[in-house]
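Protein chains in written order, with my numbering: chain A, 108 to 968; chain B, 42 to 890; chain C, 161 to 480.
Glycine is no exception: its CB is placed at the ideal position from the N, C-alpha and C atoms.
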Amino acid sequence: MTGKKLLLVSSALMLLASCGGNPESSTSSVAPASTDSSNSSTSASSDSSEATSSSSSTIVENKTYTYNIYTTVSPSNWNELTYQDNNDTQIMNYLAGGFFSYNYKFDEKGKIIPGQYDVQYGAIAKAEDVTLTYAGEDGWAVPLDAESGYAYEFTIRDDIKWDDGTAVKAEDFVYTMKQQLDPLFKNYRADSFYNNSLVIHNAYDYVMQGTVGFFGSRTLYGKYSADLDDKLVFHVGAPLEENDPYDGGTSYIYDWLAGNGDDYVAAIAKAGFAATVNAAYGANYLSTEAEQALEGKTYAEIKADATLTAYFQEFYDFWIEDPETGILDFFVTSYTFPEMDFSKVGLFADTVNPLKFTLVLDNSIQLFKEDGKTLSYHAAYDFGSLPLVKKDLYEANKHEPAIEGGLWTSTYNSSVASSASWGPYKLTSFQAGKEYVLERNENWYGYNMPEYRGQYMTDRIVCQTIPEYETAFLAFRSGDIDGIGLDVSVAADYKNSKRAVFTADDYVTSMQLQSDAAALKGRESEGIDKEILTYIDFRKAISVGFNRAEYTNKCTTSSLPGYGLFNSMHYYDVENGGVYRNEDVAKKTLCDVYGVDVNAFDSLDEAYASLDGGNNLTLARSLVTSAYNQALADEKISATDKVELVLGAAVDNVSTRRTYDYINGAIKEICVGTPLEGRIEVVFDTSWGTKWANDFRAGAYDICTGGWTGAAWNPGYFLMAYLDKAYAYAQGWDTEKATLTFNPYGDGNADHEYTMSLMAWWRCLNGKVKSSDPYQENWSDGFVDNEIRLNIIAALEGEILKHYYSVPIANAFTAELISYKIEYASRDYNTFMTYGGIRYMTYNYDDAAWAAVKGTFDYKL
Amino acid sequence: MANNFEQLPQEQFVLVNENRPLKDKELVTKPRGFFADAMYRFSRNKGSIVAAGIIGVLFLYAIIAPLCTPYKVSTTDAYLKYCLPKIHDNPNFDFYDGCDTKTTSEINFIENYAIGAETGVNAIKRQAYTTGISSIGETTYTYRLDSYRKTGNVFMKGVSRDTLESIQAYQDEMGIQIIYPITDPAQRPTAAQDLKNANFWYKTEYIDGRTTPVEYTINEDGTVTYQNIYKEYARPSLSSVQNFNTTSGPNAKLTPVSGGFTIALTSAVEEEEEEEVEGGTDTSDIDDVLEYETNYLSMSTEDNLNFISFVKSADEASVFNYDATNGGIYAEINGHDDPTLDGEYLLGIGAERGSAIGLIKSSEYSASDYVLLNAFGGDQGKTKITDFSAEKNCYLASVRTNYTTTKNYVNLNSMDGSIGLVNSSSASAKLTFTAKDDGYTIKFGKPAKYVKLVANGNNTIESSATSADDASIWHYDAENGSMYVNVTGHTDASFDGAYYWALKLDGDEPAAVIARKADFTANLVPFVVYATADTKATDLSEGQLYLMAESQKDNSTMYYANGYFNGDNYHSKMRVEGEGNYKYAYAISHGSSFEIRVNYYEYYRYYHSYVLKDGINYPMFIFGANDSGQDIFVCLASGARFSFILAIVVSVVNMLVGAIYGAIEGYYGGRADLIMERISEILSAVPFMIVITLLKYHMGGTSQAIILFIAFFLTGWIGEASLVRMQFYRFKNQEYVLASRTLGARDWRIMFKHIFPNALGTIVTSSVLVIPSMIFSETSLSYLGIINLNTGDMTSVGTLLAGGQPYLTTYPHIIIFPAIFISLLMLTFNLFGNGLRDAFNPSLRGTED
Amino acid sequence: MYMFKYIMKRLGLLLMTFVIIEIICFVLIKALPIVIDIQVGKDRDIIDAQLRARGYYDPIPVQFWNYIVRIFTKGDFGICLNLPEHRNHPVLEVFSSKLPPTILINIYSSLVSVPIGIMLGIFAALRKNKWQDQVISTSVMVFISVPSFVYAFLVQFIFCFLLGWFPLLMKSGYDYFSWPMFQSMIPAVISMSFGSIAGYTRYTRAELTEVLTNDYMLLARTKGLTKAQATTRHALRNAMVPIFPSIIGEFIGVLSGSLIIEKIFSIPGIGGLYLTSINSMDYDSFMFLSGFYILVGLLASLVIDISYGIIDPRIRMGAK
């Protein structure tokens with residue numbers, strides 16, 4: 108069972124959560140599981156099956172239990188190596204076993220303790236931390252001083268079998284990883300083993316072998332050090348556009364470099380050859396004799412010889428030299444990834460024991476808690492499972508490239524014939540776009556494990572595709588399907604129903620304000636000003652003056668006012684239930700951001716509570732006036748200019764238009780009594796369609812609403828969505844330059860006062876420090892105690908919010924109805940177990956009994 | 042017998058007409074023209090007449106409807122959504138009254154019943170219901186739920202002061218209650234889905250993920266009584282009690298009168314003129330100065346409402362005395378109609394019940410319950426200095442100097458080390474007392490500094506000490522509640538001795554000084570570290586008496602909606618009185634704005650009739666409201682107008698272009714037809730949906746209506762063209778056409794004089810039918826989400842139909858009226874079209890009678 | 161002989177038109193910018209490598225050439241890259257698996273609606289302006305005017321949910337001719353046929369009334385034919401001129417399928433495929449479906465033109 112993956116999906120619609128999804132679609136692991144133990148007066152009382160420790164409720168042989176669910180869009184392929192969106196994970200999770208899994212904690216009477224969890228072994232029989240044997244070894248990236256977290260030896264159970272009985276050995280996992288990273292395929296999910304939390308050694312280099320990587324000094328600039336001078340050779344190539352395989356043109360290069368040009372210097376140094384300074388750009392700016400003179404010279408020689416420096420200056424002028432460091436700001440070098448054999452990749456089977464394999468990582472993840480024995484929450488989250496494919500079936504479903512020089516594709520796991528399962532269920536029938544059926548996989552190792560006895564009561568899972576919500580609701584009321592999301596229009600009638608389940612969402616919706624000053628200036632026209640948005644006071648006025656209570660009442664039906672980047676679902680210390688928002692330091696951050704003077708109240712909690720009292724118009728209006736005066740002084744705005752801000756959305760429907768109307772009214776209200784009164788207007792434009800996010804980042808318009816979801820247990824990593832250029836909406840805010848001085852230890856001793864850029868802070872916080880960063884601290888999870896990380900997260904959230912590029916406005920929650928046939932393990936939402944999932948789901952009726960009674964229930968009661 | 046004609050004799054033949062021209066009848070009528078003839082035939086067809094009539098009605102509706110209702114398309118509402126159609130408000134007539142019969146569980150019933158129980162604006166019609174048993178054996182309640190009033194009460198946050206005043210003015214004027222007592226935040230429901238629900242004015246508990254009402258009783262007569270969770274307050278006495286910690290507020294002046302003194306409350310402004318000379322109060326930062334004249338306090342216990350009211354003149358004012366034993370100010374009440382109420386009343390603060398200043402009978406006074414209003418400072422609810430269990434941060438007492446500055450704390454000013462007046466309780470000035478030997482060292486704020494007393498002649502306090510060791514040790518003199526240091530070994534021995542930390546009050550500026558115990562004189566008040574219940578005021582000099590505002594118990598200074606201004610006590614009957622000594626608060630203030638709880642139905646009427654004045658007095662939607670609260674009656678009319686215009690324009694354009702194109706094509710045939718056919722084939726081959734989708738992506742921002750028009754126009758005329766072409770082929774080789782060509786008619790004449798009229802029937806019919814079918818396809822396009830014509834103040838029939846589809850089973854009224862409209866439209870247009878076709882069909886000439 | 165030469169000419173023209181439209185569609189869809197959906201943790205190189213492998217970065221003419229070559233040399237119509245429910249499935253396979261349900265539903269509904277429609281039309285025409293005609297016309301109008309998604313949903317709500325005669329949705333599986341499958345199709349067939357019954361009735365009535373008023377009908381009656389004989393032999397034949405092509409058009413239309421009916425009864429047909437392929441910018445499936453629908457459309461119009469000739473010899477489409 109793959110745990111909650113880092114799924115960061117940006118979306119424009121506020122009502123993302125409440126439109127009729129079904130219990131399956133929300134999180135990757137199956138969500139529906141809670142028992143309404145108190146009231147179920149129906150026959151099979153749920154208590155007996157709830158507790159695993161109690162004797163298993165003997166499942167009478169002839170009774171079958173079918174779990175009927177529906178989806179609006181059916182999955183197309185459930186191949187762990189290539190699946191693209193959340194829909195594909197519906198089937199995938201049933202067909203795979205899990206190395207480790209979460210479980211409820213039970214008190215002595217066998218009752219579930221809400222909020223508690225523990226981690227247990229699944230397909231893995233034994234795990235051992237072998238970091239010491241690889242620390243400092245060459246060929247691996249394990250630091251010399253590392254003791255734990257970098258390398259593990261796993262021994263799998265001996266009874267793991269495919270659904271057709273063939274045994275699974277450690278070698279199969281290695282084979283699958285080889286397919287996952289195969290350069291000829293470049294599978295869609297290849298990057299989840301070098302770009303996310305689990306970074307397998309050499310995975311990236313193996314995937315990219317043979318390709319030509321282009322990167323510019325902007326990335327090097329960050330890592331530039333003089334010892335490279337003799338390696339960077341000047342070469343005048345043809346203009347980049349022609350021979351550049353990525354003919355996306357310069358804009359592509361800019362995005363790509365800004366996005367993720369990571370450690371290539373290390374790559375060069377390792378590869379040990381001269382990267383050519385491809386002065387293709389230079390060709391347009393260099394005189395011929397300058398070209399001949401510079402050709403083939405290394406950068407060190409150029410700097411040494413005055414005439415060459417003069418020539419280089421010609422080329423140089425186009426690329427500004429950075430005043431402080433005197434380093435060339437931008438030049439392009441190409442780098443070809445060398446061929447690589449899979450043996451160098453950090454996953455290999457043991458030669459002696461066929462059930463053992465070793466995993467070597469580039470970053471450290473603590474599989475065990477401090478005592479080195481009990482499993483930490485990472486076990487089931489990061490090491491939940493490695494992909495596994497059935498070798499013979501996979502080989503049979505390979506297809507060579509459509510055009511020569513193209514990539515291979517695979518249709519493994521996209522039909523019943525091409526599917527294999529080593530999980531609790533197997534796929535027995537699949538009709539694309541209509542229905543799929545999963546049945547119990549007798550060969551699953553779990554059925555003879557004590558931890559799972561008495562669970563998995565479900566024999567059969569039938570999922571139909573019903574595109575129309577109304578029809579699905581009828582199907583639910585007539586008992587054909589067992590769960591449905593509560594749509595806004597019916598939520599009122601079913602709010603108090605015994606079968607209604609409400610879940611808070613880890614999705615915070617924010618108003619994004621355009622940060623690209625040049626783009627704003629570019630789009631100004633005669634008498635229309637937009638640059639007021641570049642003044643922090645104006646943005647702060649919008650944030651402080653926005654009445655979030657009224658907004659959530661008027662424009663949404665299932666949201667609460669949102670003030671921070673994180674809400675009640677984000678944990679900074681998930682092992683002992685540390686909810687970030689409830690900590691004092693997090694409350695203090697929000698008070699500072701919204702101009703609440705804590706001392707004016709008797710306690711921090713009272714000050715924090717006053718935040719929810721509605722907007723502060725007086726402060727907002729004074730800020731608008733001060734921003735206006737500053738703009739007037741800088742001649743950015745004239746006394747008669749009108750301010751016109753464009754609010755964009757993907758589609759023009761009732762809810763996006765209602766949001767636009769409210770924001771327009773709110774901004775006008777904020778400007779009442781200020782010089783801008785009557786001279787400000789927000790315009791609504793939905794011509795961006797599905798490209799609304801990229802266009803906003805490119806500076807095409809001024810305001811959009813959206814947000815990120817995911818990574819509820821790692822808020823430190825989640826901040827990347829607001830800081831990292833590749834994802835942040837605020838492209839005009841250079842987080843590599845904006846600095847923050849802060850003492851994370853809060854103990855007042857001077858040497859704990861660090862001053863570095865926000866991205867540097869983020870890299871230290873997540874253990875991804877670059878050699879160019881001012882401090883080489885590693886404050887990632889497990890390396891420093893959670894209080895310190897909490898302070899940093901709070902400081903960074905404060906910094907982000909205090910720039911008011913992202914203005915949080917609402918937190919959503921979803922509602923669903925479950926049929927009388929099924930019961931969840933517990934009605935309290937558990938961060939790890941959700942409601943118990945398919946594993947703990949129990950039944951009040953078997954199929955035959957349900958058929959007799961299914962249409963008679965009124966779910967409104 | 043076969044007809045045998047050969048032998049008929051000549052005489053059997055009679056000459057009928059010899060010299061008159063052979064005419065059967067005198068042609069008296071004028072020959073009817075083509076169109077007159079068509080109209081005549083048309084009028085014969087009853088169906089078409091009726092159809093034409095109905096079309097006329099629909100047109101009238103589309104044009105007149107917006108005039109006969111105050112609603113506009115742009116009026117939307119966040120709460121009154123999905124309201125059912127309603128034309129009357131008669132309580133005992135249950136048809137078309139905006140209500141529907143519901144059978145719900147007890148929880149829902151109790152929730153809906155509570156709305157009417159509290160506000161009288163009944164969500165359950167007539168609060169009438171019947172009970173039954175559900176399929177799983179639980180009691181169910183059946184009643185008619187009013188879709189307009191079921192919203193009940195809602196929270197309104199960020200409400201400005203003038204909005205609050207405007208609502209209160211409306212309440213007084215109209216006698217309708219809008220604001221209801223605010224519920225105690227601590228007792229509100231915690232379930233995520235009910236956090237925002239303001240209808241829980243009674244006790245509830247969170248059971249199994251649901252907010253379940255508790256401690257309610259269903260009485261025999263069917264009514265339900267609840268336990269309310271309103272926020273309660275001590276009896277409000279100073280009827281103009283307000284948030285004193287803003288910069289404005291009354292100042293009190295004591296004027297001695299026989300045996301005691303009267304307290305006069307003067308407005309800050311007025312006071313300023315008087316004291317112009319003595320370097321008066323700094324009023325620069327009064328932001329909103331309240332205009333009210335001087336009035337005197339008088340205590341009366343009229344109908345056991347023991348409150349303080351204002352009287353105009355000093356002699357009517359109560360005479361107050363000072364009770365040295367408990368340090369309180371009191372007055373005698375006698376001659377009350379209820380003699381038991383006569384007696385001595387103290388002016389005090391109901392400390393633990395919130396912050397109202399109240400009258401307490403001396404006999405009932407107990408220290409723990411009330412804090413007496415004393416001359417200086419008030420209870421900050423802070424720990425007393427005496428119980429030093431651990432190092433504590435605590436503020437020094439807040440001393441009210443004049444009311445010009447916000448809450449002042451006399452504090453150790455960390456900047457320059459001197460003790461002085463800091464006009465806000467900045468954290469840096471916080472004091473920490475650490476126990477040391479038998480006294481305490483005092484450390485304050487950031488950067489951490491310790492207080493060192495240096496009595497070198499000019500008895501100053503220095504804050505130079507940087508660590509606890511070299512700080513002076515302070516002792517607490519319980520007798521007068523102040524802090525002192527024992528100075529020993531001074532160069533001038535006479536200086537040794539106990540030095541007190543005291544407060545010199547002269548005029549308005551207090552200053553903290555060091556004084557020896559002996560030097561204490563009347564105007565040197567021992568500097569009270571804490572205002573505690575038993576703080577003493579040595580005596581009351583004739584100087585200023587500063588009335589202390591109430592404490593901020595729960596950080597939300599209570600603000601009385603009743604009786605805030607002009608001194609008159611807001612005493613409208615509609616207030617929900619509290620029992621005994623306590624009254625309910627009607628608002629919670631958060632800094633500059635307030636949180637109130639209003640009944641939305643009445644607020645809607647107030648907002649539209651009193652604020653917007655847009656003619657809407659009652660929410661009443663004739664065709665009901667849709668999912669964004671728009672009135673469907675108006676939307677349908679505006680949608681009809683838009684659809685008619687677009688349809689007529691498109692059909693006219695299509696007819697013209699199509700007819701001409703088809704005519705040329707059909708008449709000339711051969712290569713011309715071939716090419717033109719190819720062109721129309723190319724255009725018509727690409728399916729219509731794809732044309733409009735690609736157009737949408739390529740044309741980006743332009744308005745949806747133009748895209749729709751282009752799409753219809755692009756392919757619309759092809760249908761016409763092929764119809765006309767087919768007719769031309771049909772009639773092209775007819776005999777009469779050949780005849781007219783032989784007579785030398787030119788092509789154009791043949792085309793448009795001879796052949797075209799034949800086609801006229803089908804053309805007219807099809808162009809008339811284009812109107813409903815265009816609306817029809819616009820509907821399916823809206824349903825599939827390809828286009829959305831619903832801009833701010835314009836909508837279309839298609840959008841309404843598509844918008845109603847998701848609610849077919851839940852709120853059918855949203856789709857029924859547009860569906861009826863479009864059916865009528867199609868019906869009448871088709872009948873009308875048939876009528877027209879028969880009318881224009883030349884071959885039918887003469888067969889009508 | 162004339163007809164053969166005419167048909168050959170028309171086929172040549174048809175091919176030319178088809179190619180022109182294909183090019184227009186290709187350019188239109190390729191001109192729109194490629195949608196790259198940024199997700200945190202997603203390596204942009206992988207996305208670009210996959211797009212490059214499919215040649216999306218080549219200039220449009222080159223892409224078109226590759227597309228044509230691939231079709232004719234390997235018969236490969238490409239892969240549905242981001243069609244929501246069929247990622248990485250070959251286009252041809254997806255299309256052929258989804259075609260049968262649509263065809264079946266349409267054939268059943270045509271079989272039901274054509275005869276009923278024509279019968280009602282004739283009955284209404286004969287009883288022109290009497291009460292039967294009014295009743296039929298009005299009821300026909302109501303079915304035409306109420307949007308299909310309204311009465312389709314009402315059919316589903318009343319017959320499937322309230323009365324429970326039929327299952328709510330079409331049965332899954334490939335046993336298209338089994339009784340449970342047929343029973344599950346009936347509500348969809350009913351909803352489909354409302355529209356066409358109403359159409360045929362109105363059309364037949366209109367044509368027949370027009371024909372009945374012609375002179376030759378009078379002649380036929382004077383020749384002594386009974387009313388019934390005159391109607392069937394002469395009136396009907398003449399009225400058939402416009403009706404017959406629309407019947408053919410109906411059968412050709414069978415291949416398109418109604419998007420709305422398929423959405424409500426969750427029929428795995430090709431109704432919604434075309435629209436989804438555009439919205440999800442899936443080039444290969446869009447091109448294949450455009451080619452299919454256009455070819456069908458052109459063939460239908462050709463057949464209709466030819467049918468005119470057969471029924472009414474006097475009409476020679478395209479004659480001087």
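- Distance from Phe255(C) to Ile430(C) at the Cβ level is roughly 7 angstroms; contact confirmed, criterion being Cβ atoms closer than 8 angstroms.
- At least 8 angstroms separates the CB of Lys272(B) from every CB of chain A.
- Counting other Cβ atoms within 10 Å of its Cβ, Gln838(A) reaches 16 or more and is therefore classed as buried.
- When rounded, the separation of the alpha-carbon atoms in Gly656(B) and Ala843(B) is 30 angstroms.
- Excluding its 5 nearest sequence neighbours in each direction, Thr262(A) has C-beta neighbours in its own chain below 6 angstroms: Ala232, Lys233, Leu462 and Lys463, listed in chain order.
- Around Thr144(B), no beta-carbon contact reaches into chain C at under 8 angstroms, the shortest distance being about 18 angstroms.
- Counting C-beta atoms within 10 angstroms of its own C-beta, Cys109(B) has fewer than 16 neighbours from the protein chains shown and is therefore classed as exposed.
- Look at Ile827(B) here: in three-state DSSP terms it is coil, with no helix or strand label.
- Contact annotation, Glu577(A) with Leu849(B): C-beta distance approximately 6 angstroms; criterion of less than 8 angstroms satisfied.
- Listed along chain C, the residues sitting closer than 7 angstroms to Glu722(B) by beta-carbon distance are Thr177, Leu458 and Ser461.
- Here DSSP, grouped into helix, strand and coil, assigns Ser887(A) to coil.
- Contact between Gln619(A) and Ile810(A) holds: CB atoms are separated by about 7 angstroms, below the 8 angstroms threshold.
- Within its own chain, the residues whose Cβ lies closer than 6 angstroms to the Cβ of Asn771(A), once the five positions on either side in sequence are excluded, are Val789, listed in chain order.
- In the structure shown, the three-state DSSP call for Phe354(C) is helix.
- Closest option to Ala539(A), judged by alpha-carbon separation, among Glu245(C), Phe178(C) and Pro193(C): Glu245(C).
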